[in-house]
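Structure first, commentary second.
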Amino acid sequence: MIKTSQLSKRVSTAESELEILRGIELEIKQGETAAIVGASGSGKSTLLGLLAGLDTPSAGAILLDGTNIVNLDEDQRATLRSQKVGFVFQSFQLLPALTALENVMLPLELAGIAHAREKSEEFLTRVGLDERLHHYPRTLSGGEQQRVAIARAFASQPVILFADEPTGNLDTATGANVIELLFGLNEEEGTTLVLVTHDNSLADRCQRKFTMTAGQLEEAL
Amino acid sequence: MKSPIAASFRLLLRDWRGGELGVLFSALLLAVTVVVAISGFVNRLQFNLERESASFLAADLVVSSAKPVPLEWRAKVDTEGLQRGETITFSSMVISDNDEMFLASVKAVGGGYPLRGSLSVDVGSAQPSSRLPAPGSVFLAPRLVQQLRVAVGDAVYVGDATLTVTGTLLSEPDSTSGFFGYGPRLVMNSADLDATGIVQPGSRVTYRLLVAGSSNQLESFRDWVDPQLTQGQRLLSVDESQPGIGATLERARGFLLLAGSLGVMLAAAAILVAARRFGERHTDQVAVMKSLGATKRMIQQLYALSLTWLGLLSIVLGSGIGWLAQSAMFNALADQLPGEINRIGVTPYLTGAVTALVCVGFFAWPPLARLGGVSPLRVIRRETTIANSTRALDLLLGAASLGLLMLWYSRDLQLTAALLGAVAITVGLGFFVAHGLLGGTRQIGSNAGSVWRLALAGMQRRGNSSAFQVVIFGIAIMLLLVLTAVRTSLLDQWRLQIPEGTPNHFVLNVSPSDEARLLTFFSEREIEVGELYPAARGRVMAVNNAPLPDRDSAEGGARQREANFTSTDTAPEGNEIVEGAWWSVGTDAALVSLEDGFAQDIGARVGDQLTIRIAADEFSVEVASIRKVNWESMQPNFFVIFPDQLLLKFPNMLFTSFYLEPDEKRRVGELLDVIPTLTIIELDVAIAEIKTIIDQVSQAIELVLIVILVAGALVLIAGVSASVDERLHESAILRALGAGRGTLLGAVAIEFAAMGSLAGVLAILGSEAAGWALQTQMLELDYQVQWILWPMGIGLGAIIIGGLGTFACRRVVSAPPLKVLREL
């Protein structure tokens, strides 16, 4: 499903060149759940960005569902994202001007998927927000906002879902609820899930667990 | 995406609901409204004022001729679909049954006379009549009634004709057109002209063919008739016949177009600011959309379509509001503009639409186009840079498009160049100075108290953005200063043109033996009288002994000219010596000073010898100086002036002027009773009319100034609110760290006040440059550095921007910090 080879990322700063990722080798199969853990600044968010095609590597290859996304331009990657990728972010990233329902509909509309409204309503119902369809993000609690984000991520039925610290902005109890929802839906939909987290209890729920240390990745077996 | 058009509608609607579009849409709407309102107002005012001014001619266009106007010219007027009228004027002795006689200025009228304006005649009924005299009847000016001792119903004799007095002439539209048609007016019907037997070949008669109609028709007639004019025939239009009014109108039009152009510029500035803010606020949204799979093309298409809807909406709404605004402005003037015509034409709407197009395309679009390039990575790394800075190329394209728009709008290269130049100075100097000063203020700030340190550090940290704001504020203040300064000069100039107490009566033919009696008459009645000038009628016969062709000669080029000569040893007030030098007092040298146009007509330059004839005497003089005369001043002006000693040798009459209040009009008759041989030229009606026009235009200018001030204020508000977001976040952090309300508000106030005074400095530099160019080059006014503006610009900049900024940022200190931090 997702495979990298010799993936590296360097950035130039004023003083020197910084190597954030060094020769990452990673393979995650269809339907697996994987966690990437590591200290702040270890490069895990950078890796997530590369895997999801939000950024381009300095060297190496990334095969996403059989396509080497390194060879695609930004627009081709965008189209690929719209068809195959879903996201859940730490800061929710709901559009403030859109209602909960409209936020969920957005990726469906972008991908040109039919019956966007019905599908969105269905997923919002599945995350328990059927009473809040027409609320704006600012009138929802943090947990509710993240549930909208989860509905949005699953509504377009992606083959792979990336989650970046999905509980990072939530209290423990709310975070636990959101995690239940995320894994529950993942199981029902059979999606491949890759998440980045500090939270070891969250990482432990994944089938596979990778640790990032100073730009290098190691699987904890 | 399935349907980009539907999606763009949804985006627009959602943004609208979210309040994101407010500033951008207001700025666009403002641009269209200002342009439609001002250009509509200018069109309508010009239309009405021209019509009113046309009444000075009693027509839109006049062919004046010393010979009868050819029949085919009249036919041409008819076939062109123009209105036609005619007047024939000459001087003639008029006699009454009681053997009184008086030299009258006779005007025989026919056709549709008057085509513009109207006669007002007292026919003994309660309401004055405006009808023409029927064949066999005449109207007499009150003074003629008095001199001839006749009443309505009596007979008077003009040449061989016996005519009945049927009314007293109160006013006629073209009373000033025969400036030297001395003597009180008698108006008769042109059907009676042959019966008088006065008009013979060779008699001194002025024939006038009056024409009125649409400007296209007039233009075509003018083009047809102009090449056929021969010696002694002239075309007169409002501008040419009344330089005072023509120049007044021209300046007013210049000012209003200037104001309109400023409106466009201010709106463009507001749109630039608003679009940048809109773009910044949408960056996160676009990053999310891109992470969800939107391509660059989709994003650009979406925003381009949204902008298109926004532009169309602002054109429709702006045109409507613009129409209402010009209507309201006009209604405020309604009682000053009798019989006004409610018509603004399509041009204002077209101008508004093109303005919207340019504003959307060159000012709103570039920051939104860049949204397509936002990196989706921003969803996980907020610090990812966004290319939201205003690029030099965009600014250049914007300036070029704005320049073309203004040029099209004002059709005036100088005006456009002056304004763009001033803006370039403000922008160029702005970024340079703002950066330098902002750096300097940081130095000061680090040694100052915490509030100041906070303020100045904040200003410097947002270096580019602060500089941009300073420049925008600077441009807005600069444009307002320019407009205010030009308006003040213009109004002052107009007030000076016809000050209170400007002589409105001229007295000619005062024989030296009557001088004492005349002065006694005035002093007894406490009427102020001007200086007495000697006046002699004479003719320039030759230049450097080369005889000039006769006045009626068919040859082109220089020819003999007849004029009223005067003498004085002091250069007349308001005359400017452009060549040569004025003579010393008491000189007995044979010198002469010429008006520049007159000198050109006879082909004379300083140092040339002129042969002059007065009555039967011929003598030679040297041209000592050439003067520019202000013909708008309504003061006695002379083409030819000699030293006092020279003219003393010739028999000459005296000439003077005086001012009469409207209710003192009877003094004219009394004066003629005392000295019946005087000729009095009455200019009171003409001067009063010019004053009315100036008053109207002045009021219009004040109204337009208010509109532009409002536009300027909106730019300032747009600029200030654009920076609120930036401040919100860091102020919340500072409050969370324990900074008090006072500290934060103080810092915000200081920051904006400092930017305001910087903007004030820039504005003054730009406005002095633009003011100089506009006033000296375009409006032909004298330029003076407006020192008063310097402290005012800096002070007002600080107070207004500081106040607006603090007001706009009040949420920063009143919103709970946690809420603000969560929202961002």
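Sequences listed follow chains G and E, in order. Sequential numbering from 698 applies to the first sequence in the numbering used here. Sequential numbering from 184 applies to the second sequence in the numbering used here. Just so you know, even glycine gets a beta-carbon here, dropped at the ideal spot from N, CA and C.
Nearest chain G C-beta to V562 of chain E closer than 8 Å, yes or no? To locate residue 562 of chain E, count along the second sequence from 1; it is residue 379. Yes, its Cβ sits closer than 8 Å to a Cβ of chain G.
With DSSP run on the structure shown, which of helix, strand or coil describes N727 of chain E? The count along the second sequence starts at 1 and reaches residue 727 of chain E at position 544. Coil.
Does the Cβ of M284 of chain E have 16 or more other Cβ atoms within 10 Å, making it buried, or fewer, making it exposed? Working through the second sequence from its first residue, we reach residue 284 of chain E at position 101. The residue is exposed, with fewer than 16 neighbouring Cβ atoms inside 10 Å.
Using a Cβ cut-off of 8 Å (strictly closer), state whether S474 of chain E contacts chain G. Counting from 1 along the second sequence, the entry for residue 474 of chain E is found at position 291. Cβ-Cβ to chain G under 8 Å: yes for S474 of chain E.
Would you report the Cα separation of F363 of chain E and M589 of chain E, rounded to the nearest angstrom? As a first step, residue 363 of chain E must be located in the second sequence, where it is residue number 180. As a first step, residue 589 of chain E must be located in the second sequence, where it is residue number 406. Note that F363 of chain E scores a pLDDT of 44, beneath 50, so its modelled location is shaky and nothing firm can be said.
With 16 other CB atoms within 10 Å as the buried threshold, where does A917 of chain G fall? For the purposes of this step, residue 917 of chain G is identified with residue 220 of the first sequence, where counting begins at 1. A917 of chain G should be labelled exposed.
Looking at C-alpha atoms only, which residue of E:I824, E:Y532, E:K848 is the closest neighbour of I504 of chain E? Numbered from 1 along the second sequence, position 321 holds the residue referred to as residue 504 of chain E. When each option's Cα is compared against that of I504 of chain E, the closest is E:Y532.
Please list the segments of the beta strand (DSSP E) lying wholly inside the region 741-803 of chain E, counting only runs of 3 or more residues, in order along the chain. 744-750, 759-763, 774-778, 792-797
Just verifying my parser: in three-state terms, what is the DSSP assignment at L914 of chain G? Within the first sequence, residue 914 of chain G is the residue found at index 217, counting from 1. In the structure shown, L914 of chain G sits in a strand (DSSP, three-state: E or B).
Is H895 of chain G helix, strand or coil when you go by DSSP? Translated into positions along the first sequence, residue 895 of chain G becomes position 198. The answer is coil: DSSP assigns H895 of chain G none of H, G, I, E or B.
Distance, Cα to Cα, A930 of chain E vs A936 of chain E? Here residue 930 of chain E is taken as the residue at index 747 of the second sequence, counted from 1. Here residue 936 of chain E is taken as the residue at index 753 of the second sequence, counted from 1. Their Cα atoms are separated by approximately 10 Å.
Should F615 of chain E be labelled buried (16 or more other beta-carbon atoms within 10 Å of its own) or exposed? Sequence index remark: in the second sequence, residue 615 of chain E carries index 432 (1-based). Exposed, because fewer than 16 other Cβ atoms sit within 10 Å of the Cβ of F615 of chain E.
Straight-line CA distance for R678 of chain E to D406 of chain E? The sequence position of residue 678 of chain E within the second sequence is 495, counting from 1. The sequence position of residue 406 of chain E within the second sequence is 223, counting from 1. Cα to Cα, the separation comes out at about 37 Å.
What first and last residue would you give for the alpha helix (DSSP H) that runs through K816 of chain G? The residue you call residue 816 of chain G lines up with position 119 of the first sequence. Unbroken alpha helix (DSSP H) run through K816 of chain G: 813-823.
Taking T478 of chain E as the query, report the chain G residues whose CB atoms sit under 7 Å from its CB, ordered along the chain. Numbered from its first residue, the second sequence carries residue 478 of chain E at position 295. Those are D772, A775, T776, listed as they occur along chain G.
Candidates G:K781, G:L723, G:D752: which alpha carbon is nearest N768 of chain G's? Here the question's residue 768 of chain G lines up with position 71 in the first sequence. Nearest option by C-alpha distance: G:D752.
Environment of D243 of chain E [buried if 16+ CB atoms lie within 10 Å]: In the second sequence, counting from the first residue as 1, residue 243 of chain E sits at position 60. Flag for D243 of chain E reads buried.
Under 8 Å Cβ-Cβ, which residues of chain E neighbour F784 of chain G? Position 87 of the first sequence, counted from the first residue, corresponds to residue 784 of chain G. The contacting residues are S474, L475, V562.
How about R993 of chain E: is its C-beta nearer than 8 Å to some C-beta of chain G? Against the second sequence, residue 993 of chain E aligns to sequence position 810. R993 of chain E does not count as touching chain G.
Does L830 of chain G get closer than 8 Å to chain E when you measure Cβ to Cβ? Locating residue 830 of chain G in the first sequence gives position 133, counting from the first residue. Not an interface residue.
Looking at the structure shown, is T413 of chain E part of a helix, part of a strand, or coil, going by DSSP? Taking the first residue of the second sequence as 1, we reach residue 413 of chain E at position 230. Coil.
So, helix, strand or coil for E872 of chain E, using DSSP? Locating residue 872 of chain E in the second sequence gives position 689, where the first residue counts as 1. Here E872 of chain E sits in helix by DSSP.
Start-end ranges of the beta strand (DSSP E) lying completely within the region 716-747 of chain G, minimum 3 residues: 730-735
S373 of chain E to A773 of chain E, Cα distance in whole Å? In the second sequence, the residue the question calls residue 373 of chain E occupies position 190. In the second sequence, the residue the question calls residue 773 of chain E occupies position 590. Cα-Cα distance, rounded: 48 Å.
What did DSSP end up calling G980 of chain E once you bin it into helix, strand or coil? Here residue 980 of chain E refers to the residue found at position 797 when the second sequence is read from its first residue. Correct three-state label for G980 of chain E: helix.
Name the chain G residues that come within less than 9 Å of R197 of chain E, Cβ to Cβ? On the second sequence, residue 197 of chain E is found 14 positions in, with the first residue counted as 1. By Cβ distance, chain G contributes L792, A794, L795, T796, E799.
Using only alpha-carbon positions, find the residue among G:Q727, G:L744, G:I717 that is nearest to I733 of chain G. Locating residue 733 of chain G in the first sequence gives position 36, counting from the first residue. It is G:L744.
Min CB distance P549 of chain E to chain G below 8 Å: Within the second sequence, the letter at position 366 stands for residue 549 of chain E. With 8 Å as the cut-off, P549 of chain E does not count as an interface residue toward chain G.
Determine, using beta carbons only, whether A808 of chain G comes closer than 8 Å to chain E. For the purposes of this step, residue 808 of chain G is identified with residue 111 of the first sequence, where counting begins at 1. It does; some Cβ of chain E falls within 8 Å.
Contact check, G319 of chain E vs T347 of chain E, beta carbons under 8 Å: Working through the second sequence from its first residue, we reach residue 319 of chain E at position 136. Working through the second sequence from its first residue, we reach residue 347 of chain E at position 164. Cβ atoms of G319 of chain E and T347 of chain E: closer than 8 Å.
How many Å lie between V708 of chain G and R774 of chain G at the Cα? For the purposes of this step, residue 708 of chain G is identified with residue 11 of the first sequence, where counting begins at 1. For the purposes of this step, residue 774 of chain G is identified with residue 77 of the first sequence, where counting begins at 1. Cα to Cα, the separation comes out at about 21 Å.
Please report the distance separating the alpha-carbon of S648 of chain E from that of A583 of chain E. Mapped onto the second sequence, residue 648 of chain E falls at position 465. Mapped onto the second sequence, residue 583 of chain E falls at position 400. Between S648 of chain E and A583 of chain E, the C-alpha separation is close to 23 Å.
Would you say Q468 of chain E faces chain G, with C-beta separation under 8 Å as the test? Reading the second sequence from its first residue, position 285 is the one you call residue 468 of chain E. Closer than 8 Å: yes.
Cα-Cα separation, A756 of chain G to L579 of chain E: Against the first sequence, residue 756 of chain G aligns to sequence position 59. Against the second sequence, residue 579 of chain E aligns to sequence position 396. Their Cα atoms are separated by approximately 39 Å.
Closer than 8 Å to chain G by CB, P974 of chain E: The count along the second sequence starts at 1 and reaches residue 974 of chain E at position 791. By this cut-off, P974 of chain E is not an interface position.
Does DSSP classify M938 of chain E as helix, strand or coil? Along the second sequence, one-based indexing puts residue 938 of chain E at 755. If DSSP states are grouped into helix, strand and coil, M938 of chain E belongs with the helices.
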